[in-house]
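Protein chains in written order, with the working numbering: chain Z, -6 to 500; chain R, 6 to 328; chain G, 3 to 366.
Some notes on the structure that comes next.
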Amino acid sequence: MRQQPVLEVRGIRKEFPGVVALDGVDFRLFPGEVHALMGENGAGKSTLIKVLTGVHPSDGGDMVLAGERVRVAGPLQAQQAGISTVYQEVNLCPNLSVAENIFIGREPRRFGLIDWAAMRRRAAELVRELDLDVDVSAPLNSYSIAVQQLVAIVRAVDVSAKVLILDEPTSSLDRDEVRQLFAVMRRLRDQGVAILFVSHFLDQIYEICDRMTVLRNGRLEGEYLTSELNQVELVSRMIGAELAGLDQLGGGKRRERTAPVRGAAFLEADRLARRGAVEPYDLDIRPGEVIGLAGLLGSGRTEAARLLFGADQSDGGTIRIEGAVTALRSPRDAIAHGIAFCSENRKTEGLVGELTVRENIVLALQASRGWLRPLSRTAQEQYVQRWIRALDIRPGDPEALVRNLSGGNQQKVLLARWLITDPKLLILDEPTRGIDIGAKAEIQKLVANLAEDGMAVLFISAELEEVLRLSHRIGVLRDHRMVAQLDNDGELTPERVMATIASGAQE
Amino acid sequence: MNANALLTRLRGQIPLLVTAVLLVSMFSVGSVQYDGFFSGQVVLNLLIDNAFLLVVAVGMTFVVLTGGIDLSVGAVVALSTMVSAWLVEQHGWPPLLVIPLVLLMGTAGGWLMGWIIHVFEIQPFIVTLAGMFLARGLCYTISVESISITDPQYTAMAQTRIPLGDLFVSPSALVALLVVAAGFVVLHYTRLGRNVYALGGSEQSALLMGLPVQRTKTTVYAISGFCSALGGVLLTFYMLSGYGLHAVGLELDAIAAVVIGGTLLTGGSGYVLGTLLGVLVLGLIQTVISFQGTLSSWWTRIVIGALLFVFIVLQRLITARRR
Amino acid sequence: MSAPMNTATAASPVKAVTRSRLFWPAVVLAVLLVANLAFTPDFFSVHLQGGHLYGSLIDILHFGAPLILVSLGMTLVIATGGIDLSVGSTVAISGALACLHISDSSDPGSLGTVLTAVGIALGTALVLGTVNGVLVARVGVQPIIATLILMVAGRGVAQLITDGQIITVTSDPFKLIGGGYWLTMPFAILLSALVVLAAVLLTRFTALGLLLESVGGNPVASRLVGIRAMRLVALVYVFSALCAALAGLMVSSNVSAADGNNAGLWIELDAILAVVLGGTSLNGGRFSIGGTVLGALIIQTLSTTVYTIGIPPETTLVFKAFVVISVCLIQSPVFRAKLAARGRRTRRSTRSHAAAPTNREVGA
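In structure tokens:
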């Protein structure tokens, strides 16, 4: 009934210094199917795609393309072998015309010179085949991202029509644009193209995909027919490891004080929104309260938090801080109101790698004081020594360059930076990601203690266990919408949170 | 959607349109104000006097289109005049051997700079700055003094006038126009040329689309090196001497011509023909100032600076609106 | 037990010295100075004559003073990840304005006239620096391009001010700035030392240095900790222009003349070179004022050496070219990685021939 897989990898292994990103993963892709690749942060999704497209060489395993063993040495070779990729960030040249973007590198030539007329004609044909209304001689940047994405697909399919990888193509598209994309995908599938589709939107996966492969922690979790795996089962397979861990901990270690925190809210968000990032949501946080944000990667958790810190500007809704409507135009505004934000991207958005531990720790406090009122060296030493000891930062040398520290210690430096500013609201975005178990436990303990001492904490994590253990209430995000806020009243189970993530059903 | 596309395309042409309007209005104002300004020969003289600048600016256009910059061009021009004068005058080499040698030297130098820029990911400006130091320094190792050229073939090239009806041009001007034409064909009708634009649009994308990024980048700097050397050869015809202080600040004039010609400094958008207009504007400023008589030569610099300011802010506004 | 302890304690101070950012620039400078001894036996001698100190070392400091000042401003600009190409033009403009004011005044020798002239020069620099700063920080033009404008136009403006002539002035108070002596030392040395000291105090004894390094090292993170980067960046361009203006005053005072065409010609390149030599990365972030001073002195010593040896001074450019490229290569992470990979490979192949090169095709 079904033919041979067009692409099959067996036992693919990929190591980075200190991490095994892919550990013996098998993966099959058949012609004429749309196949979803599912997995949370660190599951190995993007590594697998990079291995398939030749961006990373694999450290072991076989790859068979159309019956032949292949070894792809780079994106160009992958394309020549028949694997094309369209990325979330459209990787075309916005300054060139649509026709050129489709044909660049393979332009039709006559007498050695580019035959523009032929190029436009052929581009127009390709575009018409997919029912797109696009003027191929117009520059690409005169069209929306959605159209650019479709142009990228046209190019990819024309370059090599065997395997098409779509890496999060829908994350910035609106509903109609997604529909248009899906129409194109279906048409290509019917033509026999094998499509690998990555998306954070579960509904989209269930709408378009025939089969799916789930990865977890660099290993293959399983390959399923979409029709045979419901959303709750899928979510539990994606984040199953945390469930097991939670079971072992048992009920005894669960949060004891599950009574809701009372009192006036420190911060209230009312219909706060940003187009393309997060749909209007309400949230209030009281002093001493830990609010967890749960949801899959890309569900809008970070985007929701950034609005509360002024890192991005909201385009709807209001924020009240201690009762007063406040506009947060920049992080500086937010910091002035006692809000702190530890970004999930420690290296790019958090630390200044070539500065020392001491300098990184005092940076936020110093910035709020202005350059004319420097912290004295002794004051700096006191802060730094205190937090190096309190958080057990290693090495304990305040003059060590922060880029030479391990991930867990870098995270602690980042925490220390904000803690010395004595914030009223601490926003932690994935503070325990990619760090060792010991450091993880310490950070969780710290968060609980801070809340006990009256700090409001917004805790974002992909690990339900953590979120459940720490939070008084949990906001659940799905597809850029806050679908529920659940009281962690002792009866809340990971299964229920998971079900909410999967179905979006509100009670 | 089509109107939007048209608008985007038009917006990209604003600097070029401004330049064209500027050129025409400068010429008309000049013609009204000064006797003898309105003549074909004035236009041809612009080409004759700026032939070497035009050639260098064409090379610079390639580099700027990829989003790079080449500060070494003036020094390479000087080195080319120096090497030509030295080999021809002091060693008696035949010009037909010297000229290809000089061109090869410039190309190789440019290629090397491009290679360093790409492979070691060092900013183009600092690498070409080192190239500039090196080329100027090498001039002085040959001689600190100017070497004048008496070779008959060179003087012939300097004095030859090719009649065009009542008017005339120099061979250098024709060479320069030929270079412009070649630049146009390469940029618009070859894969290399389109790769140059792609690289300027997004290097990351170019890489992922499987374009030969390294080869394109090194080639672009090699082209700039070749054009500088050729500019040097033309300048040797014009000045009939080799000197380490020739073409001081030429890199700035070339960049100014490219920018005024409507090429975006961030790369990816622009035309060689725009650069031709840019060079003509620069030449016309000089002509107007010399016709004016009371204005001193430094006004050229000030006006170029002011034009640069206007065009750079204009570019910034255009690209900002695109985002 | 005690023997290894000793070596350990002995090794760490040595290591601390060699790992200091100033170590290599200092070594280069020392080697250059000592090399001069071969050509000029009394190179290191400094003697007092008529209340003034004389000697080659004093000359190097004296003639290097303007470069030190310009490089100082450049250091802070580069620390924020920028570059200022316009300093040479600013040098010329400031000298021209000061000399013009003095030569036009009825009493060129009076202190008041000279102070006004200095005020005009510095005030103009303030405006020029602000223009650069606004273009870079507010309008968002790349620093090279933004400052290129003033680099091109500034020369013309300087010539416009001097009317294309060389304005000569005779004014004792003015002569003091670049050519006079004070407390046995050339005043220029004292002045530049004072400015360097002020800059060190300003950056290291306030939080300015830290905030600048943060902005240059990671602009995104800096925004998220609430640093007002825009203001800081604009400020360093103003500071750079002020330093250049002061250098311009020194240059024109030293020769008692303003030359719009040649004053400060190529000084921007020397200043960039000095900063890079001093160990500050062109990518921004960590900066070292001490390193920059050493870098400027290296360049000045080099020029002096070349003069005394009798090589055409212009050929120092060749040397500078190699210095620029090698320093940049050393700072380039890619170059270091390649070098390290090569080192590892040779070491591995010497250690065991059996080690199969399984992951060799990374470079593809």
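For each residue, glycine too, the CB sits at the ideal point set by N, CA and C.
Check, Outcome
"Beta-bridge pairing of residue 224 (chain G) - partner residues as DSSP gives them", "Per DSSP, none; premise fails for residue 224 (chain G)."
"Cβ-Cβ separation, residue 189 (chain Z) to residue 144 (chain Z) (assumed contact under 8 Å), whole Å", "The Cβ separation is near 19 Å, so there is no contact."
"Short CB-CB distance (under 8 Å) between residue 119 (chain Z) and chain R", "no"
"Endpoints, beta strand (DSSP E) assigned at residue 9 (chain Z)", "0 to 9"
"Contacting residues, own chain, Cβ-Cβ under 7 Å from residue 236 (chain Z) (five flanking each side not counted)", "In this prediction, residue 236 (chain Z) scores a pLDDT of 45, lower than 50, which makes its location untrustworthy; the coordinate-derived value is nonetheless stated afterwards. Excluding sequence neighbours, residue 236 (chain Z) sits near 229, 487."
"Closest residue to residue 116 (chain G) among G:104, G:124, G:108 (Cα-Cα distance)", "G:104"
"Contact list for the segment 73 to 92 of chain Z against chain R, Cβ threshold 7 Å", "84, 85, 86, 87, 88, 89"
"Backbone CA spacing between residue 38 (chain Z) and residue 207 (chain Z) [nearest angstrom]", "9 Å"
"DSSP beta-bridge partners of residue 183 (chain G)", "G:188"
"Contacting residues, own chain, Cβ-Cβ under 7 Å from residue -2 (chain Z) (five flanking each side not counted)", "21, 22, 23"
"Per DSSP, cross-strand counterpart(s) of residue 160 (chain Z)", "Z:191"
"Residues of its chain near residue 231 (chain R), where Cβ-Cβ distance is below 8 Å and the 5 sequence neighbours each way are ignored", "64, 108, 111, 112, 115"
"Interface flag, residue 192 (chain R) vs chain Z, CB-CB below 8 Å", "no"
"Inter-residue spacing [alpha-carbon to alpha-carbon] between residue 359 (chain Z) and residue 78 (chain G)", "19 Å"
"Closest by C-alpha distance to residue 145 (chain G), when choosing among G:192, G:256, G:178, G:82", "G:82"
"DSSP state of residue 17 (chain Z) mapped onto helix, strand, coil", "strand"
"Contact belief for residue 50 (chain G) with residue 292 (chain G) at Cβ below 8 Å, rounded distance in angstroms", "In fact, because the Cβ distance is near 28 Å, the residues do not count as touching under 8 Å."
"Residue from Z:126, Z:289, Z:406, Z:203 whose Cα sits closest to the Cα of residue 217 (chain Z)", "Z:203"
"Three-state class that DSSP yields for residue 75 (chain R) in the structure shown", "coil"
"Selection from Z:422, Z:357, Z:222 that minimises the alpha carbon distance to residue 454 (chain Z)", "Z:422"
"For residue 54 (chain G), the residue or residues it bridges with in DSSP", "G:51"
"Contact under 8 Å by Cβ, residue 404 (chain Z) with residue 432 (chain Z)", "yes"
"Minimum C-alpha distance to residue 501 (chain Z) - residue among Z:472, Z:449, Z:474", "Residue 501 (chain Z) lies beyond the residue range present for chain Z, which begins at -6 and ends at 500; the question has no answer from this structure."
"Where residue 456 (chain Z) sits in the DSSP three-state scheme", "coil"
"Beta-carbon separation (whole angstroms), residue 110 (chain G) vs residue 172 (chain G), contact threshold 8 Å", "6 Å"
"Short CB-CB distance (under 8 Å) between residue 364 (chain Z) and chain G", "yes"
"Spatial distance of residue 200 (chain Z) from residue 268 (chain Z) (CA atoms)", "23 Å"
"Proximity below 8 Å, CB of residue 226 (chain R) to CB of residue 119 (chain R)", "yes"
"Residues of its chain near residue 62 (chain G), where Cβ-Cβ distance is below 7 Å and the 5 sequence neighbours each way are ignored", "299, 302, 303, 306"
"Spatial distance of residue 148 (chain Z) from residue 319 (chain R) (CA atoms)", "33 Å"
"According to DSSP, residues forming a beta bridge with residue 261 (chain Z)", "Z:277, Z:313"
"For residue 333 (chain G) and residue 16 (chain Z), the rounded distance between their alpha carbons", "36 Å"
"Neighbour-count burial assignment, residue 220 (chain Z), 16 or more Cβ in a 10 Å radius", "exposed"
"DSSP bridge partner residues for residue 170 (chain G) (one or two, in chain order)", "G:259"
"Beta-carbon proximity of residue 347 (chain Z) to residue 387 (chain Z), cut-off 8 Å", "no"
"Limits of the unbroken beta strand (DSSP E) element including residue 28 (chain Z)", "27 to 31"
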